[in-house]
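*Asks:* Residue numbers (my numbering), protein chains in the order written: chain A, 6 to 267; chain B, 1021 to 1276; chain C, -13 to 263.
Idealized CB from N, CA, C, for every residue including glycine.
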Amino acid sequence: MTFASPSAGPARERRLWLNRSMLAVALLALWEAGGRFGPERWISRPSAIVARIGDWLADDLMMHLGVTMTEIVVGLGIGLPLGIVLGLLLGRSPRAARVFRPFIVTLNSLPIVALAPLLIMWFGLGLMPKIVLVAFVSFLLLFFNTFSGARAVDEEQIDTLTLMGATGTEKFIKVVLPSCTSWIMAGIKNALPYALIGAVIGEMMLSRAGLGHLITRSAGQFDMTGLYAALFVLMLLGALFNEFANRIEKWLLRWRPAQTKV
Amino acid sequence: MRSPSGPDTGSRSVAALQQIALLLAILLAWYFASGNLLPAFYISDPVSVAKVIGRWIADGSLWLHIGTSMLTLFLGYAIGATLGIAFGLLLGMKPDLEEMLAPFIAAIYGLPKVALLPLFVIAFGIGLLSKVMLVASVVVFLLFYATLSGVRDIDRDMIDGLRLMGAKEDEITRKVRFPAILPWIYTGLRTSIGYALTTTVVAEALSSNRGLGFLIEHSAAQFNAAGVFAAVVVLLVVSSLIMIPLGMLEKRAGSR
Amino acid sequence: MKMTAAQKIHTQPDMAQITLENVTVEFTSRALTVKAVDSISLDIRQGEFVALVGPSGCGKSTALNMIAGLLKPSAGSVTYAGAPVAGPNTRVGYMTQKDTLLPWRTVEDNIAIAFELRARKAEAANARERVREMIELVGLAGFERHYPAELSGGMRKRAALARMLIYEPETLLLDEPFGALDAQLRLVMQQELLRLVERRKMTVVLVTHDLEEAVALADRVVVFTSRPGRIRMMRDIDFARPRVPEKLRFTPEFGAICEELWRELREEVAKSVAHHA
């Protein structure tokens, strides 16, 4: 069994990316050929997909993207702060925590996204049901993570500051809050992809705009090129979200001991 | 100042009483709010919801829908877990290959799998298969990454130490690698059930004529609030029955 | 002058800085009750340096926790400067076995934290200066902007020590502060501790496993029994101050005292090992 040796310099990096590029090109070529000589109707081909994306860009792709992004951003803007605040409040109050615990655990086991039809029934067409869904999902995630973080604060660190004469507020700001940061970050990292999923699912169920709508519309017309194009855009968006979350985490948690990879 | 005997156990029963009180308060509030504060059209009321559930039990449809969801869930889970573990082991043992493929895998992982449902329906039809494939596609990634982490996490020093003692390669695999990977696989199995359940229900809501997800969607489409709430309550019970014991298992495993 | 546990030391009450009177601590969790400390009585004068030694688990750290006001005794009373200890005692500096540095702060920010508190705003004059001096003192120069995760265990201990000493509390509670340091650094730190303590006339309660350290630094050594901890004996150490620990170690009187104490201690250590066997 061989282990990957730690990256031995730029030459190796270059070879790695060369291999990856060749693989990607080979796959795309295979796909293109398959489409040209095979059942193009069902599997389409990269050139057609790129062309379609081009068409969409000229048309209303940005509008759809905007709709999805709005649902996500507004939803997160509501859900994240609420989850963090409530998580901190309940986390530091052992009595409240004990009473609410079973409710929280039960609520956490419910697939929240499955409530999308309910929200659509309530709020109808438009952005509202998706915003509420994203807000609810992100609220639960951040609440749970922040709650755990608030309860996991090292009591000895708090004691040390108590003995120095720190007030409750000072201890909260200087110890509890920074201590929770890694938990909150974990919550946010989870919440971002979930927000995307929530928005897209809501749109797939009932919508007149958004990426999810593009997907179902293409599928409904058996427009495979459109379907693949929409999926590709969605994939890009998902990758961007992940990268964004990773960057934030790295910056906020630069004091963490480096995780060594074997 | 802390007292050495810890938090007093009397408060545990107080907490239980408070929880029951809270639950009753919610139910009562729901009952009175419906029709008075908020239109029954939107939130129904506990009694109607109970009646709907009762009807579903009586005509057997409840079991049909729960059964469909569970079948989809477990089939997809089984397929996905098996494939995920297999790929994880395979690529774990070929780190160079894994390194090359990593961005491709990550890119597909970044795509919300539910978006693939229309594609799967076109490919596999509206029946169970498309949903099973969707659930499998979600689970496969999770188990893949879990297994991969397990393979990577193996303590190099431990293996070297055993090699110096004269252990053969297969002995090392049995005594060190296998036991080291297992906890990671267990964790992966536990965490992916939640995602598998979510995927199942959502897929049924999007395109199905059976299952818990279908129940929710169907009632909602008909603006049948009692039906929607009834389906949600059933889902809540089912998901709690699945997830809560798992959570307790996890806690016990973690405390070892 | 040797004294047995049967005799309590009575100093003029108004001179006692810290008093433990018939203090017992029992920890209960579920069905188990463990008596950590059994009816100990101890008076510590202001400016006195007392070392607590004893086998592991004998309640020495528990005693410190009570003086610090972090733990309430199950029975008996703890008094500090004439008043009963009813809550966290902000007149002491406490260094636990585990260094409780805040991992998200750099070394210098960790050390400076006391001066950020409103309660100590008055003392914060030239905080920057004093932090720098303290960092030099504990030998961490060059590591000011490092995070605790980047330091070795010994370095973290030094940072924790600096954090405590910088605002010069009137009493120091130290729980094995130098255990993780190498022998040379330990001697240096012991010397520095004495220097600071003697200059400010601080009261010190030191918990240590190192008998030599106890005899070199303390005015009085208290030997604990194995669990449940009682006071087995106390011995005054009369070496003149200021002391130089590294020289003191080679005097015959020093060796004699250490041997005498070790004989008492050894029995208790053997007992506690038997319990855990």
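1. Note down, in chain order, each residue of its chain lying with its Cβ closer than 6 Å to the Cβ of Phe101 (chain C), except the 5 sequence neighbours on either side.
2. Which of helix, strand or coil does DSSP assign to Leu130 (chain A)?
3. With DSSP collapsed to three states, give me the class of Lys21 (chain C).
4. Nearest to Trp127 (chain A) by alpha carbon, out of B:Phe1144, B:Val1248, B:Ile1174 and B:Val1258?
5. Whose C-alpha, out of C:Arg213, C:Thr237, C:Phe210 and C:Ala200, is nearest the C-alpha of Ile223 (chain C)?
6. So, does the CB of Arg1210 (chain B) fall closer than 9 Å to a CB anywhere in chain C?
7. Excluding five sequence neighbours on each side, which residues of the same chain lie with their C-beta closer than 6 Å to the C-beta of Gly192 (chain A)?
8. Where does Arg229 (chain C) sit, in a helix, a strand or coil, going by DSSP?
9. Residues of chain C with CB under 7 Å from Val1023 (chain B), in chain order?
10. If the cut is a Cβ gap below 8 Å, which residues of chain A does Leu1237 (chain B) touch?
11. Mind checking Ser1150 (chain B): buried by the 16 CB within 10 Å criterion, or exposed?
12. Does the Cβ-Cβ distance between Leu81 (chain A) and Ser143 (chain A) come in under 9 Å?
13. Please decide whether Ser1275 (chain B) counts as near chain A, where near means a Cβ-Cβ distance under 9 Å.
14. With DSSP as the reference, identify every bridge partner of Phe210 (chain C), one or two as the case may be.
15. Spatial neighbours of Ile1073 (chain B) within its chain, please: CB distance less than 6 Å, with the 5 preceding and 5 following residues excluded, ordered by chain position.
16. By DSSP, does Ala148 (chain C) sit in helix, in strand, or in coil?
17. Within the segment 1230 to 1269 of chain B, note down every full alpha helix (DSSP H) run reaching 4 residues or more, in order along the chain.
18. Which one or two residues does DSSP pair with Glu7 (chain C) in a beta bridge?
19. Going along the chain, which residues of the segment 1043 to 1059 of chain B sit with their C-beta nearer than 7 Å to a C-beta in chain A?
20. For a cutoff of 9 Å on Cβ pairs, would you count Val71 (chain C) as touching chain E?
21. Can you tell me whether Arg1276 (chain B) is buried or exposed? The criterion is at least 16 other CB atoms within 10 Å of its CB, across all chains shown.
22. Please report whether the beta-carbon of Val180 (chain A) lies at a distance below 9 Å from any beta-carbon of chain C.
23. Please look up how many angstroms separate the CB atoms of Leu168 (chain A) and Thr76 (chain C), rounded, as I've assumed it's under 8 Å.
24. May I ask you to list the residues that DSSP assigns as paired with Tyr80 (chain C)?
25. Of all the options A:Leu239, A:Gly225, A:Ile189 and A:Gly173, which has the alpha carbon lying nearest to the alpha carbon of Ala204 (chain A)?
26. Note down, in chain order, every chain A residue with its Cβ under 8 Å from the Cβ of Ala22 (chain C).
27. Any idea what DSSP makes of Ser15 (chain C), helix, strand or coil?
28. With distances taken between CB atoms, is the gap from Pro134 (chain C) to Ala145 (chain C) smaller than 9 Å?
29. How long is the line joining the alpha carbons of Val158 (chain A) and Arg91 (chain C), rounded to whole angstroms?
30. Between the segment 1183 to 1201 of chain B and the segment 1131 to 1149 of chain B, can you find at least three pairs of beta-carbon atoms closer than 8 Å?
31. Which residues bound the beta strand (DSSP E) around Val36 (chain C)?
32. If Asn8 (chain C) and Ala72 (chain C) are in contact, beta carbons under 8 Å, what's the gap, nearest whole angstrom?
33. Can you look up Ser1054 (chain B) in the DSSP assignment and give me helix, strand or coil?
34. Can you name the start and end residues of the beta strand (DSSP E) that Leu1111 (chain B) belongs to?
35. Quick one: is Thr265 (chain A) near chain C, going by C-beta distance under 9 Å?
36. Between the C-alpha atoms of Thr265 (chain A) and Phe1164 (chain B), what's the straight-line distance to the nearest angstrom?
*Replies:* Well, looking at it:
1. Here the set comprises Ala110 and Ala113.
2. Correct three-state label for Leu130 (chain A): coil.
3. Reduced to three states, the DSSP call for Lys21 (chain C) is strand.
4. In this structure, B:Val1248 is the residue among B:Phe1144, B:Val1248, B:Ile1174 and B:Val1258 with its C-alpha nearest to the C-alpha of Trp127 (chain A).
5. Closest by alpha carbon: C:Ala200.
6. Answer no: the Cβ-Cβ gap between Arg1210 (chain B) and chain C never drops below 9 Å.
7. Shown here for Gly192 (chain A): same chain residues with a beta carbon closer than 6 Å to its own, the five before and five after excluded, namely Leu146, Leu147 and Asn150 in chain order.
8. Collapsing the DSSP output to three states places Arg229 (chain C) in coil.
9. In the sequence as displayed, the identity of residue 1023 (chain B) is Ser instead of Val. Neighbours of Ser1023 (chain B) on chain C, chain order: Lys58.
10. In the sequence on display, residue 1237 (chain B) carries Glu and not Leu. Going along chain A in sequence order, the residues near Glu1237 (chain B) (Cβ under 8 Å) are Pro122 and Met210.
11. Burial call: buried.
12. Against a cut-off of 9 Å, the Cβ pair of Ser143 (chain A) and Leu81 (chain A) comes out as a contact.
13. Annotation note: pLDDT 48 at Ser1275 (chain B) (below 50); position unreliable, no value reported.
14. DSSP lists C:Ile217 as the beta-bridge partner residues of Phe210 (chain C).
15. So the list reads Ala1250, once near-sequence residues are dropped.
16. Collapsing the DSSP output to three states places Ala148 (chain C) in a helix.
17. For the alpha helix (DSSP H) assignment, the uninterrupted runs of no fewer than 4 residues enclosed by the segment 1230 to 1269 of chain B are, from N- to C-terminal side, 1232 to 1241.
18. For Glu7 (chain C), DSSP records a beta bridge to C:Ser63.
19. In summary, no residue of the segment 1043 to 1059 of chain B has a CB separated from any CB of chain A by less than 7 Å.
20. Considering every chain present, this structure includes no chain E. Its protein chains are A, B and C.
21. Because Arg1276 (chain B) sits at a pLDDT of 42, beneath the cut-off of 50, its placement in the model cannot be relied upon, and the point is left open.
22. Chain C, which has a Cβ nearer than 9 Å to the Cβ of Val180 (chain A), makes this yes.
23. Between Thr76 (chain C) and Leu168 (chain A) the Cβ distance is about 6 Å, and since that is below 8 Å, they are a contact.
24. Answer by DSSP bridge pairing, in chain order: C:Leu159.
25. The residue with the shortest Cα to Cα distance from Ala204 (chain A) is A:Leu239.
26. Against Ala22 (chain C), chain A offers no close residue; the least beta-carbon distance is about 18 Å (beta-carbon pairs closer than 8 Å).
27. Ser15 (chain C) sits in a strand when the DSSP states are folded into three classes.
28. In this structure, Ala145 (chain C) lies closer than 9 Å to Pro134 (chain C) by Cβ.
29. Near 15 Å, if we compare the C-alpha coordinates of Arg91 (chain C) and Val158 (chain A).
30. The segment 1131 to 1149 of chain B is not in contact with the segment 1183 to 1201 of chain B.
31. Here the beta strand (DSSP E) through Val36 (chain C) covers Phe35 to Val39.
32. Between Asn8 (chain C) and Ala72 (chain C) a beta carbon distance of about 18 Å is seen, past the 8 Å cut, so the two are scored as non-contacting.
33. Three-state DSSP puts Ser1054 (chain B) in a strand.
34. That residue, Leu1111 (chain B), is in no beta strand (DSSP E); its alpha helix (DSSP H) goes Ser1081 to Met1113.
35. At Thr265 (chain A), the pLDDT of 38 sits below 50, so the modelled position is not reliable; the number obtained from the coordinates is stated separately. Thr265 (chain A) does not count as touching chain C.
36. Because Thr265 (chain A) carries a pLDDT of 38, less than 50, the predicted location of this residue cannot be relied on, and the following value inherits that uncertainty. Their backbone Cα atoms lie some 20 Å apart in a straight line.
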